[in-house]
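The structure appears right after this line, and notes come after that.
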Amino acid sequence: RKSKKTAPSFRKLLKTSNIKIENKLKNRQLKQQSTAKKHRKEQKKLRQALNNAATQTPLPLERYKKRPEDEEDEEEFEESLPVDMMEEDDLEQMKAMAQKASFLTRDLSSSEPVHARKRKRENVMEKYEKLPRLMQKEQEKELIHLLPIKDKTGIIPQTMERPAVKKAEKEHQDEDGGDGAEEVNAPTPLPLLTTQDLVVLRRKRLEERKVCIAALGSSILSDPSANIKKLKELRSMLVELDPYVAVTVRKLVMVSLMEIFKDIVPSYRIRPLTEAEKSTKVKKETQQLREFEEGLVSQYKFYLENLEQTVKDWKQMKKKKSEVVSLKSYKGLAEVAVKCLCELLVALPHFNFHNNIIVMIVPLMNHDCKKISEMSCEAVRKLFKQDKVGQASLGMVKVISGLVKSRNYEVKPEVLKALLCLRVKEVEVKKDADDIAPKKRFMNCKEKRKHLSRMQRKWKKAEEKLEKELLEAEATESKEKKLKLHTETLNIVFLTYFRILKKAQKSILLSCVLEGLAKFAHLINVEFFDDLLIVLHKLIESGDLSYRESLHCIQTAFHVLSGQGDVLNIDPLKFYTHLYKTLLRLHAGTANDDMIIVLQCLDVMLTKRRKQVSVQRALAFIKRLATLSLQVLPNSTIGILATNRVLMHTFPKSDILLDNESQGSGIYLPELDEPEYCNPQNTSLWELHTLQRHYHPIVRKFAAHLVVGAPSEGSGALNVDLSRK
722 RKSKKTAPSF
732 RKLLKTSNIK
742 IENKLKNRQL
752 KQQSTAKKHR
762 KEQKKLRQAL
772 NNAATQTPLP
782 LERYKKRPED
792 EEDEEEFEES
802 LPVDMMEEDD
812 LEQMKAMAQK
822 ASFLTRDLSS
832 SEPVHARKRK
842 RENVMEKYEK
852 LPRLMQKEQE
862 KELIHLLPIK
872 DKTGIIPQTM
882 ERPAVKKAEK
892 EHQDEDGGDG
902 AEEVNAPTPL
912 PLLTTQDLVV
922 LRRKRLEERK
932 VCIAALGSSI
942 LSDPSANIKK
952 LKELRSMLVE
962 LDPYVAVTVR
972 KLVMVSLMEI
982 FKDIVPSYRI
992 RPLTEAEKST
1002 KVKKETQQLR
1012 EFEEGLVSQY
1022 KFYLENLEQT
1032 VKDWKQMKKK
1042 KSEVVSLKSY
1052 KGLAEVAVKC
1062 LCELLVALPH
1072 FNFHNNIIVM
1082 IVPLMNHDCK
1092 KISEMSCEAV
1102 RKLFKQDKVG
1112 QASLGMVKVI
1122 SGLVKSRNYE
1132 VKPEVLKALL
1142 CLRVKEVEVK
1152 KDADDIAPKK
1162 RFMNCKEKRK
1172 HLSRMQRKWK
1182 KAEEKLEKEL
1192 LEAEATESKE
1202 KKLKLHTETL
1212 NIVFLTYFRI
1222 LKKAQKSILL
1232 SCVLEGLAKF
1242 AHLINVEFFD
1252 DLLIVLHKLI
1262 ESGDLSYRES
1272 LHCIQTAFHV
1282 LSGQGDVLNI
1292 DPLKFYTHLY
1302 KTLLRLHAGT
1312 ANDDMIIVLQ
1322 CLDVMLTKRR
1332 KQVSVQRALA
1342 FIKRLATLSL
1352 QVLPNSTIGI
1362 LATNRVLMHT
1372 FPKSDILLDN
1382 ESQGSGIYLP
1392 ELDEPEYCNP
1402 QNTSLWELHT
1412 LQRHYHPIVR
1422 KFAAHLVVGA
1432 PSEGSGALNV
1442 DLSRK
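Under our numbering, the first residue of the sequence shown carries the number 722, and numbering increases by one thereafter.
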């Protein structure tokens, strides 16, 4: 059965007809546009051809000898022309046009229309015949263009050939007459300036540079994101080439850039963007922020490289080719560069390239130049004091430890003294890093399904989300992170100290090591206590230490025992004996700088360990201190009397030293070095009566206060100010 085609509806026909009409209109518009485009191109090429023909000088017509047959044909043609109908002016114009039409005699094979279609069957030989043959050409002479001449006809260009100089004559001139040519071509010397003129000229140029630096700096600070490119312009002045103001301008630019970076650097570290982040589209504001951050980091990097290069040039005394800056000026530039590095080290510990600054500054702490060494050490001490988190301190301690080891422990004591400013004592450090409490862990999905109901899971999810937001919003670093950083820092510090104690006991660094151990001894791991005490006792018994170093050994030992060493059953009798024996070395003939360390040792040995100290030992030290107070300076005497006051309050049985009657058997033996066996209970503090006639008023007050038993109240009590001190 044949299927009958259904007739299309009127709407369908109307629809298709509209589409056809639209398509026809579109095709017509496209054709019109293409023809208009072709027409414009042809017009453009025609204009170019006319311009080229007008600028080019016409070539003369080629003349050929005519055959007699051609002459006859020409005469017949001229006779046939209606010359009598043309005027003389028209004839002259025709002849002039014929002279200019030099293209009639040329090969017109290349002047085909641009859009001419190629012939399908083009003979190959005809192409080669149409190409012009290469003829042997004469060598083109070099022309010199002269000034043109203008007459009635127009502008006539003038040229001349460059005169050829023979090689032999040229060589002869170079060999024999070179000096004469130099004298002829030498520029006339400028008039010499006086010293006053040079000073005025330098002042003027310097003011111009200062104005330029101030303008660039103010524009950058007013809108850093928009004017970040001006940082490069300002940084380019670090290579000032004017010898009159080069040194001063470079110093000003260094300091200006340092202050600008301190102001515009953000309070976070800028990380490089990943490829995925670069390819994603972002908002206009985000893109501007990214460009600002990228430009800031790059310019900051180049600035630090310039400062580093300045310091290196001074160290190596490397003379530059330009010779703009003399070798004597290198030291001044290096000092300013080091000062800028120190300021950035302290002001921007969170920003990029801080570790690079540390690597540059730490070797300068050990430099021979006193000024640069002091600046570097002071900057490191400031960094240690203000570093609350510990990240920057850890990086600094690592580099210092590496420097001490690489120089074979031959560094300045100031390098290790800077470690005393570490803020590790403010945080409670555990015995070991493994004892740190683990961080709070959130439950995973399986644990929630297993232990919680549906409603509990819902509440738990909301609670965890809130806790995470609170942790992100909290600006302060977590306690666990600080603890970990401080533990690692202390491990490196103690490793450096123990290396010096083991390998360089006769080094000048020993006093700094002992002082550092005395400060951080309460944080040392218990495992090292026995070995450390043995090493300290050997150092004291060796006799190679100075008095201050021996005091630091005693202080370190008692700090170790008063901290985590309480659990150890160790009696440091040898250290008590050594201090008791050496107390009388102090006298008024020298400065009593060591008195502070002595009083600190007594506080740790007697007051803080009062439960482990016998009464005989306490009485012996009180008597020895009273004897010592007679031979030292007044300020030291006041400190000794204040210590005796504290000991009399700590050990109430010490009031027997205020009686004249002796108790027990034996007599007092002041020459004996053993505090336990010198019978101090059989003597009295007669020194206090002598001190009541001292010339210093505060010494007299303290002596009178101790004679009556150091009461806290009543007529014999001290003033509030003195008792607090």
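Quick reminder that beta carbons are idealized off the backbone N, C-alpha and C, glycines included.
Under the three-state reduction of DSSP, His1410 is assigned to helix. Of Val1281, Arg956, Lys1138, Leu1351, the smallest CA-CA separation from Asp1252 is found for Val1281. Under the 8 Å Cβ criterion, the region 972-984 counts as touching the region 1015-1029, having at least three qualifying pairs. Annotated as proximal: Leu1143 and Val1214, with beta-carbon spacing under 9 Å.
The way I'd put it, the region 1005-1017 doesn't touch the region 935-942; fewer than three beta-carbon pairs between them come closer than 8 Å.
Less than 9 Å divides the Cβ of Leu1017 from the Cβ of Leu952.
Two segments are said to touch when three or more pairs of C-beta atoms, one from each, lie closer than 8 Å; by this definition the region 1238-1253 does not touch the region 1174-1185. In the DSSP assignment, Met881 forms a beta bridge with Ile865. In the three-state scheme derived from DSSP, where H, G and I count as helix and E and B as strand, Lys1004 is classed as coil. Spanning the alpha carbons of Val1059 and Leu962 requires a straight line of approximately 22 Å. DSSP, reduced to helix, strand and coil, places Lys747 within a helical segment of the structure shown.
Around the beta-carbon of Trp1035, 16 or more other beta-carbon atoms lie within 10 Å, marking it buried. Among the bridge pairs identified by DSSP, Ile876 is matched with Lys871.
Taking C-beta atoms as the reference points, Leu1028 and Met975 count as a pair closer than 9 Å.
Shown here for Asn1381: same chain residues with a beta carbon closer than 8 Å to its own, the five before and five after excluded, namely Ser1405 in chain order. In the same chain as Asp1315, and ignoring 5 residues on each side of it, the C-beta atoms closer than 8 Å to its own belong to Tyr1268, Arg1269, Leu1272, Leu1307, in chain order. Taking the Cα of Leu1368 as reference, the smallest distance to any Cα among Leu1340, Ser1386, Ser1350 is reached at Leu1340. Where Ala967 is concerned, the enclosing alpha helix (DSSP H) starts and stops at 967-985. Taking the C-beta atoms as reference points, Thr1411 is found nearer than 9 Å to Leu1351. Judged by DSSP in its simplified three-state form, Thr1217 adopts helix. The alpha helix (DSSP H) runs lying completely inside the region 1216-1272 and spanning 4 residues or more are 1231-1241, 1250-1263, given in chain order. Of the residues assessed, Asn1365 falls on the buried side of the cut-off, its CB having 16 or more other CB atoms within 10 angstroms. Cβ-Cβ distances below 7 Å link Thr969 to Leu927 in the same chain, with the five nearest sequence neighbours on each side left out; the list follows chain order.
With respect to the C-alpha of Ala1068, the residue from Pro987, Lys1332, Lys1259 having the closest C-alpha is Pro987. Scanning its chain for C-beta atoms nearer than 6 Å, with the 5 sequence neighbours on each side dropped, one finds no residue around Pro1418.
Pro1396 and Thr1217 have their C-alpha atoms roughly 36 Å apart.
By the neighbour-count criterion, in which 16 or more other beta carbons inside 10 Å mark a residue as buried, Gly1360 falls on the buried side. Taking the Cα positions, Val1136 is about 38 Å away from Glu954. Judged by DSSP in its simplified three-state form, Thr756 adopts helix. Look at the region 1339-1421 and you find these whole runs of alpha helix (DSSP H), each 4 residues long or longer: 1355-1371, 1408-1412. Assigned with DSSP and collapsed to three states, Tyr1024 falls in helix. Taking the C-beta atoms as reference points, Arg923 is found no nearer than 9 Å to Tyr989. If the five residues before and after Asn1400 are omitted, its C-beta is found closer than 7 Å to the C-beta atoms of Gly1387, Ile1388, Tyr1389, Leu1390, all from its own chain and listed in chain order. Boundaries of the alpha helix (DSSP H) around Cys933: 916-943. The DSSP-derived three-state label of His1088 is coil. Look at Glu961 here: in three-state DSSP terms it is coil, with no helix or strand label.
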